[in-house]
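K.L.:
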Amino acid sequence: MRVDVDMTKCQAYGLCAEEAPEVFELDEWGYPVIADHDVPEGQGPGVLRAVAACPAQAIKTTD
Amino acid sequence: MRAETAAGPRGPAPTPAGDPLQVRVWPGLSTCGSLLGSGPTTTAPATDSGQSLDALVAVAEAAGLRGRGGAGFPFAVKLRAVAEQAARTGLAPVVVLNGEEGEPASAKDRVLMTLAPEVALDGLRLVGDALGAHSRYAYVSDATARERIAAAARTLTPEVQVVAAPPGYVSGEESAVVRWLSGGPAKPTHKPPRPYEEGVQGRPTLVSNVETLAQLARLVRGAPEPTLLLTVSTDHGRHAVVEVPGELTLDDVLGWLGIEPGEVLLGGFFGRFASAATRRHPLRELAARAHPDVLGCGIVLVLHETCPVTAVAQVLRYLERENAEQCGPCFKGIPSMAGVVDALTAGTAGADDVRKLTGWATSLRGRGDCGTLDAACGLVTSLAEQRTATVTRHLEAPCAWCTDHPARPEATAFAVPWPAEIHPTDIQEDR
Ligand SMILES: Cc1cc2nc3c(=O)[nH]c(=O)nc-3n(C[C@H](O)[C@H](O)[C@H](O)COP(=O)(O)O)c2cc1C
Ligand code: SF4
């Protein structure tokens, strides 16, 4: 699975970093930085929780 | 070809601010035909329809035609990508002539649309026909240029819809173009999908810069290789749009125009400070991205006096105002970088601030959904890496030039005077 954030939609709620801290790291303004767009083994469930939690619906996953 | 063969004198005196925009064509181009001047490839009647896609791709490939809107992407690759996506999806594509020219320091697209709208529209017709386009647009914000394109389209290509684009720095970015033509705001969208995958109304869409399309038409009419349109401005108020062959160097062009070499910001707001080696490089290689300093959309800013730090501050303040305010890293990051560069101009920045600045210029790269943030990061990096001594001096003591010329946030940095009165008879075709 690959993950990506639509930065035109992201509002820096930061919930992604709570759900999957290994995948989403927040920069000094609260916007996510994704170290590896290929979701590492075991991180899938956290990423899917982040997708569901993001109020801006800014997180996209592809197979 | 050497600059010495040109007629123009090497003028020493800087021209006063507010000179009218000059249009000049390199001597000799009239024999094979220029876009802005005369000659067989300009005045030849429009090419027959029925250039197959393969034939167009072959012409573009053989001549090494690259996009002239800034990114320098190979045109043949883009054309094929749109055709393949159309075949895959079964959706007839959309073709768009991008004549927005949002960058204030560029005027070459507006000059081209004013002087040779027929050639540009012929390029759009060629790609539209070869792709079996569903619909065709010319997207132009400048009223003068749009009127010229619309008038030519009425007789030559009535199937083209001439659309008033909203003026703005980001509205010429290809996904903003697609969004506007699909009924939304002219603001960039997240990629993927790129326009060739999913563009106007979901159709595969070819968005090409107006010069790129005009160059294609010129090649189909028999020209051996693309020329290059440049917008050359100096901080002494001189502005020229020139058409030159790709074998020239920047120093050749400046010598021909009688502009003393100075600090050169190449590529405009997406650009970098040019090194001496870059200035001696054939422009066609800079256009083909075969060199780290790239030509971009052909903006050449010559700074005789302006301190590069103030120049960067000026551009960052412009980008701060003109970004689409969609992506946090862009609308937070650009003002933060601008703040440090402003402090440098005021002589109040410390080494830690500069470290922070260069850190942002690296970490923010690629984190906006269009290139605006990358433009800001690139300029900052260029300043820090290529003008390190200048930056260091600003840490030690306030710079006299910066102190006397504070960057004004309301100023549109390096704007070319427009609308300009240009008539075909005014063009200097030096021989
Ligand atoms: C912020 C931004 C602004 C842009 N503005 C323009 C523009 O005004 N005109 C243009 O032709 N291309 C502009 N571009 C480039 C387009 O996105 C696109 O690459 C180009 O129109 C494609 O045509 P080309 O391949 O013929 O260059 C801009 C890009 C960015 C990132
Ligand atoms: S990078 Fe800046 S200008 Fe580009 S879409 Fe994001 S906010 Fe808008």
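Those sequence lines, one after another, are chains F and E. For reference, each letter of the first sequence is one residue, going 352 to 414 in our numbering. For reference, each letter of the second sequence is one residue, going 926 to 1356 in our numbering. Using N, Cα and C, we set each Cβ at its ideal position, and we do this for glycine too.
Cβ closer than 9 Å: which chain E residues qualify as neighbours of F/Asp-378?
P.N.:
Here the neighbours are Gly-1253, Pro-1254, Lys-1257, Gly-1258, Ser-1288, Leu-1289 and Arg-1292.
K.L.:
Under 8 Å, Cβ to Cβ, is there at least one residue of chain F near E/His-1216?
P.N.:
Judged by the 8 Å Cβ criterion, E/His-1216 is not in contact with chain F.
K.L.:
Between E/Gly-992 and ligand 1, is the CB less than 7 Å from at least one heavy atom?
P.N.:
Flag set: Cβ of E/Gly-992 near ligand 1.
K.L.:
Say the cut is 7 Å; is the CB of E/Ala-1359 nearer than that to a heavy atom of ligand 1?
P.N.:
No statement about residue 1359 of chain E is possible, as the shown extent of chain E runs from 926 to 1356 and does not include it.
K.L.:
Nearest chain F C-beta to E/Pro-1344 closer than 8 Å, yes or no?
P.N.:
No, E/Pro-1344 lies away from the interface with chain F (no Cβ there is under 8 Å from its Cβ).
K.L.:
E/Pro-1113 versus chain F: which residues are under 9 Å apart at the beta carbon?
P.N.:
Under the 9 Å cutoff, chain F gives Thr-359.
K.L.:
Any heavy atom of ligand 1 closer than 7 Å to the CB of E/Tyr-1121?
P.N.:
It does not: the Cβ of E/Tyr-1121 is nowhere closer than 7 Å to a heavy atom of ligand 1.
K.L.:
Grouping DSSP H, G and I as helix and E and B as strand, with all else coil, what is E/Ala-931?
P.N.:
Note on E/Ala-931: pLDDT 32, under 50, position unreliable in the model; no value is reported.
K.L.:
Please determine whether the Cβ atom of E/Cys-1295 lies at a distance below 7 Å from any heavy atom of ligand 3.
P.N.:
What this structure holds is ligand 1 and ligand 2, not ligand 3.
K.L.:
For chain E, find out if any of its Cβ atoms is closer than 8 Å to the Cβ of F/Tyr-382; answer yes or no.
P.N.:
For F/Tyr-382, the answer is yes, since a Cβ of chain E falls inside 8 Å of its Cβ.
K.L.:
For E/Ser-1133, list the residues DSSP reports as bridge partners.
P.N.:
E/Ser-1133 is bridged to E/Leu-1022.
K.L.:
Counting only Cβ pairs nearer than 8 Å, list the residues of chain E close to F/Ala-363.
P.N.:
Those within 8 Å of F/Ala-363 in chain E are Gly-1253.
K.L.:
DSSP three-state label for F/Lys-411, please.
P.N.:
Note: F/Lys-411 maps to strand in three-state DSSP.
K.L.:
To which residues does DSSP link F/Asp-355 through a beta bridge?
P.N.:
In DSSP, F/Asp-355 forms a bridge with F/Lys-411.
K.L.:
Taking 7 Å as the cut-off, is the C-beta of E/Tyr-1094 nearer than that to any heavy atom in ligand 1?
P.N.:
Yes.
K.L.:
When the distance is taken between beta carbons, is E/Ala-1142 closer than 8 Å to E/Leu-1022?
P.N.:
Cβ distance not < 8 Å, so E/Leu-1022 and E/Ala-1142 don't count as in contact.
K.L.:
Does the distance between the C-beta of E/Lys-1003 and the nearest non-hydrogen atom of ligand 1 fall short of 7 Å?
P.N.:
Yes, Cβ of E/Lys-1003 sits closer than 7 Å to a heavy atom of ligand 1.
K.L.:
Quick check on this structure: which residue in E/Gly-962, E/Gly-1108, E/Leu-1138 and E/Asp-1177 has the alpha carbon closest to the alpha carbon of E/Leu-1004?
P.N.:
Taking only the C-alpha atoms, the option nearest E/Leu-1004 is E/Leu-1138.
K.L.:
Just reading off the alpha helix (DSSP H) that E/His-1164 is part of, what are its end residues?
P.N.:
No alpha helix (DSSP H) contains E/His-1164, which is instead part of the beta strand (DSSP E) from 1164-1170.
K.L.:
Using C-beta distances below 8 Å, list every residue in its chain close to E/Thr-1174, excluding the 5 sequence neighbours before and after it, in chain order.
P.N.:
Within the same chain, E/Thr-1174 has close Cβ partners Arg-1204, Arg-1205, His-1206, Pro-1207 and Leu-1208.
K.L.:
Rounded to whole angstroms, what's the CA-CA distance from F/Phe-375 to E/Gly-1162? Just pull it up for me.
P.N.:
Distance between the alpha carbons of F/Phe-375 and E/Gly-1162: 48 Å.
K.L.:
Taking contact to mean 3 or more Cβ pairs, one atom from each stretch, closer than 8 Å, check whether the stretch 407-414 of chain F and the stretch 354-369 of chain F are in contact.
P.N.:
Taking 8 Å as the limit for Cβ pairs, the verdict is that the stretch 354-369 of chain F does touch the stretch 407-414 of chain F.
K.L.:
Can you find a C-beta in chain F that's less than 8 Å from the C-beta of E/Val-1102?
P.N.:
No, because no Cβ of chain F sits closer than 8 Å to the Cβ of E/Val-1102.
K.L.:
What is the DSSP secondary structure of E/Val-1044, counted as helix, strand or coil?
P.N.:
If DSSP states are grouped into helix, strand and coil, E/Val-1044 belongs with the helices.
K.L.:
In the DSSP assignment, find the alpha helix (DSSP H) that holds E/Val-1095 and state where it starts and stops.
P.N.:
Segment: none, E/Val-1095 is in no alpha helix (DSSP H) and carries neither H nor E.
K.L.:
Could you have a look at E/Leu-990 and say whether DSSP puts it in helix, strand or coil?
P.N.:
The answer is coil: DSSP assigns E/Leu-990 none of H, G, I, E or B.
K.L.:
Would you call F/Arg-353 buried or exposed, if buried means 16 or more other Cβ atoms sit within 10 Å of its Cβ?
P.N.:
That one is exposed.
K.L.:
Hey, how far is the Cα of E/Thr-1069 from the Cα of E/Ile-1347?
P.N.:
Approximately 11 Å between the Cα atoms of the pair.
K.L.:
Is it the case that the CB of E/Ser-915 approaches a heavy atom of ligand 1 more closely than 7 Å?
P.N.:
Given a span of 926 to 1356 for chain E in the structure shown, any question on residue 915 of chain E remains unanswerable.
K.L.:
Can you find the residues in the same chain that come closer than 7 Å, C-beta to C-beta, to E/Phe-1339, ignoring five residues on each side of it along the sequence?
P.N.:
For E/Phe-1339, where only same-chain residues beyond five positions count, the Cβ hits under 7 Å are Pro-1029, Ala-1030, Ser-1158 and Leu-1226.
K.L.:
With F/Phe-375 as the anchor, note down where its beta strand (DSSP E) starts and where it stops.
P.N.:
Element bounds for F/Phe-375: 375-377.
K.L.:
Does DSSP classify F/Leu-399 as helix, strand or coil?
P.N.:
If DSSP states are grouped into helix, strand and coil, F/Leu-399 belongs with the helices.
K.L.:
Is F/Thr-359 near ligand 1 - that is, is its Cβ less than 7 Å away from at least one heavy atom of it?
P.N.:
Because no heavy atom of ligand 1 lies under 7 Å away, the Cβ of F/Thr-359 does not count as near it: no.
K.L.:
Would you check if there are 3 or more beta carbon pairs closer than 8 Å linking the stretch 1282-1289 of chain E to the stretch 1240-1251 of chain E?
P.N.:
No, because fewer than three Cβ pairs between the stretch 1282-1289 of chain E and the stretch 1240-1251 of chain E fall closer than 8 Å, the two stretches do not touch.
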